[in-house]
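Asks:
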Amino acid sequence: MAWLSQIELRSAVLAQVAWLLLMLMNANVVRAADFAQARNAFYQGDYQTCIELTRSEVDKGIWNDIWSRQLIECLLASGHYAEAVELYEQVAEKFSNSIPLRVLAAKAYRFSGDHQRGTRLLDEIPQLVQAAPYRFSDRDNLLAIGRYLLSLGEDPRRVLSEFFDRALKSDPRFVDAHVAIAELALDKADFQEAVKSLSVSIELRPEDPRLHVLLARAWAPSDKKQASAALKSALEINPRHVDALLMQAEELVDAEDFDSAEKLIEQVFMVNASEPRAWCLRAAIANLSGQYEREGECRKLALATWQMNPEVDYLIGKILSQHYRFAEAVRYQRRSLHLDPSYLPAKFQLAQDLLRSGQDDEGWSLVDQVAEADKYNVVAFNLKTLQEQLSQFTTLQRDGLIVRMDTRESRIYGERVLELISQARQVLCAKYEHELSEPVTIEIFPRQSDFAIRTFGLPGGAGFLGVCFGSLITANSPASQGNAPTNWESVL
Numbered sequence: 187m188a189w190l191s192q193i194e195l196r197s198a199v200l201a202q203v204a205w206l207l208l209m210l211m212n213a214n215v216v217r218a219a220d221f222a223q224a225r226n227a228f229y230q231g232d233y234q235t236c237i238e239l240t241r242s243e244v245d246k247g248i249w250n251d252i253w254s255r256q257l258i259e260c261l262l263a264s265g266h267y268a269e270a271v272e273l274y275e276q277v278a279e280k281f282s283n284s285i286p287l288r289v290l291a292a293k294a295y296r297f298s299g300d301h302q303r304g305t306r307l308l309d310e311i312p313q314l315v316q317a318a319p320y321r322f323s324d325r326d327n328l329l330a331i332g333r334y335l336l337s338l339g340e341d342p343r344r345v346l347s348e349f350f351d352r353a354l355k356s357d358p359r360f361v362d363a364h365v366a367i368a369e370l371a372l373d374k375a376d377f378q379e380a381v382k383s384l385s386v387s388i389e390l391r392p393e394d395p396r397l398h399v400l401l402a403r404a405w406a407p408s409d410k411k412q413a414s415a416a417l418k419s420a421l422e423i424n425p426r427h428v429d430a431l432l433m434q435a436e437e438l439v440d441a442e443d444f445d446s447a448e449k450l451i452e453q454v455f456m457v458n459a460s461e462p463r464a465w466c467l468r469a470a471i472a473n474l475s476g477q478y479e480r481e482g483e484c485r486k487l488a489l490a491t492w493q494m495n496p497e498v499d500y501l502i503g504k505i506l507s508q509h510y511r512f513a514e515a516v517r518y519q520r521r522s523l524h525l526d527p528s529y530l531p532a533k534f535q536l537a538q539d540l541l542r543s544g545q546d547d548e549g550w551s552l553v554d555q556v557a558e559a560d561k562y563n564v565v566a567f568n569l570k571t572l573q574e575q576l577s578q579f580t581t582l583q584r585d586g587l588i589v590r591m592d593t594r595e596s597r598i599y600g601e602r603v604l605e606l607i608s609q610a611r612q613v614l615c616a617k618y619e620h621e622l623s624e625p626v627t628i629e630i631f632p633r634q635s636d637f638a639i640r641t642f643g644l645p646g647g648a649g650f651l652g653v654c655f656g657s658l659i660t661a662n663s664p665a666s667q668g669n670a671p672t673n674w675e676s677v678l
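Going by this note's numbering, the first residue of the sequence shown is number 187, and it counts up by one from there.
Here you go:
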């Protein structure tokens with residue numbers, strides 16, 4: 187009967203193994219449920235609950251970096267930068283193979299005032315990956331490495347195919363990969379591709395307010411109604427979502443409704459009292475309101491946590507540029523580039539501000555630099571193409587006035603343009619007791635698309651006959667207006 191005892195023993199062992207597996211499966215289900223609870227708390231703006239749930243698991247020593255990543259992300263969102271650094275140092279050795287965790291930690295160090303440590307964490311990524319590529323081949327690491335390479339100016343097509351698409355192939359329903367593709371498209375002003383990727387993302391993860399904010403950004407240049415609906419969806423999910431509140435506040439600043447914008451900024455500070463982008467908005471509002479001392483104080487507070495942050499001056503300058511304060515905008519972009527000469531958003535914004543303030547030589551030179559560094563930037567490509575068109579224009583000059591227009595049209599009515607604007611200068615300067623110290627440039631475009639690119643950077647702008655930037659005026663010629671042209675003299 188020995189064989190029967192062996193069977194009974196095997197059965198008992200198998201039963202124990204099955205029981206252990208069942209317990210492990212149940213534990214994993216509970217853990218998954220717990221993490222979903224923590225993540226949903228984060229999505230809904232209940233940051234304290236999210237912190238408590240994730241910290242509990244991290245303190246238990248759980249071997250999964252998603253808990254640490256979610257906790258750091260929540261600490262960063264609520265402005266607890268020093269705590270985020272402490273947490274990373276607690277788990278760094280355990281999760282040394284997590285590039286996403288390292289990237290979050292770099293942000294935490296920088297906003298805690300340790301710019302060098304944050305930069306060093308990022309600079310070490312290539313060496314880590316090259317030493318053991320197989321350790322960083324999972325989908326989360328692929329996305330993080332791809333984003334890092336984009337920040338270095340790597341070819342977007344290569345990053346898309348070798349990192350983002352590769353992550354998607356492993357799981358076509360991987361939301362973060364769709365989001366990474368959308369963010370890349372937004373960065374290159376390919377808004378249709380961004381909408382496409384974000385629509386898929388939201389279908390898979392509708393509870394994430396950040397996706398709705400990104401969709402609002404994608405729709406904003408072409409469809410304000412769709413953008414507004416997406417932003418509304420984000421705030422319905424999380425009324426405390428900082429990115430959504432800031433986007434809404436910036437729209438109010440554009441409309442010069444500063445009081446309403448300030449109310450939203452206060453809501454942002456209730457989530458994160460040191461949010462630099464909110465201080466940037468306040469600095470811009472102060473400038474536009476003529477409160478220049480307050481402007482400086484707000485800028486100082488925006489840089490308080492990370493003094494080398496190039497985004498601060500870039501954002502303030504960008505808002506001022508939207509209000510035609512080009513001289514101030516140029517100064518801010520130069521400040522940003524002083525902090526980080528490689529910061530392309532500031533360099534490109536400076537290029538456009540210089541072009542709109544009549545400083546063409548430096549402006550076009552910077553456009554060339556941006557187009558060379560970022561070959562997939564749609565707006566830079568459009569401006570480069572336009573530059574070739576402008577080089578074929580005829581230039582007419584008189585009394586500090588410069589007119590650039592199509593050669594054929596200049597022969598037909600170019601002299602009449604000069605006569606009209608010369609008369610306008612004489613009459614208006616006398617009326618307002620003002621002398622123009624700089625030349626005024628008028629560019630007249632026979633194609634509406636060229637006018638739109640020169641004026642807005644992108645096709646569109648239907649209905650605009652002309653735009654005055656101060657020392658630069660752009661206008662559509664009668665030829666661009668089809669069968670119903672307006673009186674060009676009245677427009678000028």
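Note that the Cβ used here is the ideal one computed from N, Cα and C, for glycine as well.
These numbers come from a predicted model, not from an experiment.
1) Check whether the Cβ atoms of residue 294 and residue 457 sit closer than 9 Å, and answer yes or no.
2) Does the segment 532 to 550 come close enough to the segment 496 to 513 that 3 or more CB-CB pairs lie under 8 Å?
3) Could you give the distance in angstroms between the alpha-carbon of residue 550 and the alpha-carbon of residue 258?
4) If we require 4 or more residues per run, which alpha helix (DSSP H) segments fall completely within the segment 277 to 339?
5) Straight-line CA distance for residue 579 to residue 597?
6) Please name the residue or residues paired with residue 652 in a DSSP beta bridge.
7) Can you find a CB in chain B that lies within less than 9 Å of the CB of residue 473?
8) Identify, in the order they occur along the chain, each residue of the same chain with its Cβ nearer than 7 Å to the Cβ of residue 435, setting aside the five sequence neighbours on each side.
9) Specify the secondary structure class of residue 442 as computed by DSSP and reduced to three states.
10) Which residues mark the beginning and the end of the beta strand (DSSP E) in which residue 583 is found?
11) Looking only at C-alpha atoms, which of 288, 299, 274, 324 sits nearest to residue 311?
12) Check for me: the beta strand (DSSP E) holding residue 629 runs from which residue to which?
13) Starting from residue 391, trace the alpha helix (DSSP H) both ways and give me its first and last residue.
14) From the DSSP output, read off the bridge partner residues of residue 591.
15) Just verifying my parser: in three-state terms, what is the DSSP assignment at residue 641?
16) Buried or exposed for residue 654, please, with buried defined as at least 16 other CB atoms from any protein chain shown within 10 angstroms of its CB.
17) When the Cα of residue 663 is compared with those of 645, 639, 657, 634, which residue comes out closest?
18) With the cut-off set at 9 Å, would you say residue 535 and residue 504 are in Cβ contact?
19) Is the beta carbon of residue 507 less than 9 Å from the beta carbon of residue 267?
20) For residue 638 and residue 408, I'd like the C-alpha separation in whole angstroms.
21) Answer yes if the segment 362 to 380 comes into contact with the segment 336 to 353, meaning at least three C-beta pairs across the two stretches below 8 Å, and no otherwise.
22) Cutting at 6 Å between CB atoms, please list the residues of its own chain near residue 308, excluding the five before and the five after it.
23) Output the boundary residues of the alpha helix (DSSP H) element that contains residue 248.
24) Measure the beta-carbon distance from residue 375 to residue 673 and round it to whole angstroms, keeping in mind my assumption that it falls under 8 Å.
25) Can you give me the C-alpha to C-alpha distance between residue 404 and residue 615, rounded to a whole angstrom?
26) Look up residue 360 in the DSSP assignment and say whether it is helix, strand or coil.
27) Provide the residue span of the alpha helix (DSSP H) that contains residue 473, from first to last.
28) Taking only the alpha-carbon atoms, compute the straight-line gap between residue 212 and residue 380 and give it to the nearest angstrom.
29) For residue 554, report the span of its alpha helix (DSSP H) as first-last.
30) For the segment 412 to 430 and the segment 383 to 400, state whether three or more C-beta atom pairs, one from each stretch, are separated by less than 8 Å.
31) Could you check the C-alpha separation between residue 478 and residue 472 for me, to the nearest Å?
32) Between which two residues does the alpha helix (DSSP H) containing residue 413 stretch?
33) Would residue 432 and residue 463 be called neighbours here (beta carbons separated by less than 9 Å)?
34) What number of angstroms, rounded off, separates the C-alpha of residue 454 from the C-alpha of residue 241?
35) Take the Cβ of residue 343 as the centre, count every other Cβ of all protein chains shown within 10 Å, and call the residue buried at 16 or more, exposed below.
Replies: Considering the structure as presented:
1) no
2) yes
3) 42 Å
4) 285 to 297, 301 to 309, 311 to 317, 325 to 337
5) 12 Å
6) 661
7) The structure shown contains no chain B; it holds only a single protein chain.
8) 447, 450, 451, 467
9) coil
10) 580 to 584
11) 288
12) 626 to 631
13) That residue, residue 391, is in no alpha helix (DSSP H); it is neither H nor E in DSSP.
14) 580, 630
15) helix
16) exposed
17) 634
18) yes
19) no
20) 13 Å
21) yes
22) 292
23) Note, residue 248: premise wrong, no alpha helix (DSSP H); not H, not E.
24) The pair is not a contact, with the Cβ atoms about 34 Å apart (cut-off 8 Å).
25) 43 Å
26) coil
27) 462 to 474
28) With a pLDDT of only 44 at residue 212, under the threshold of 50, the placement of this residue in the model should not be trusted, and no figure is reported.
29) 546 to 559
30) yes
31) 6 Å
32) 410 to 423
33) yes
34) 24 Å
35) exposed
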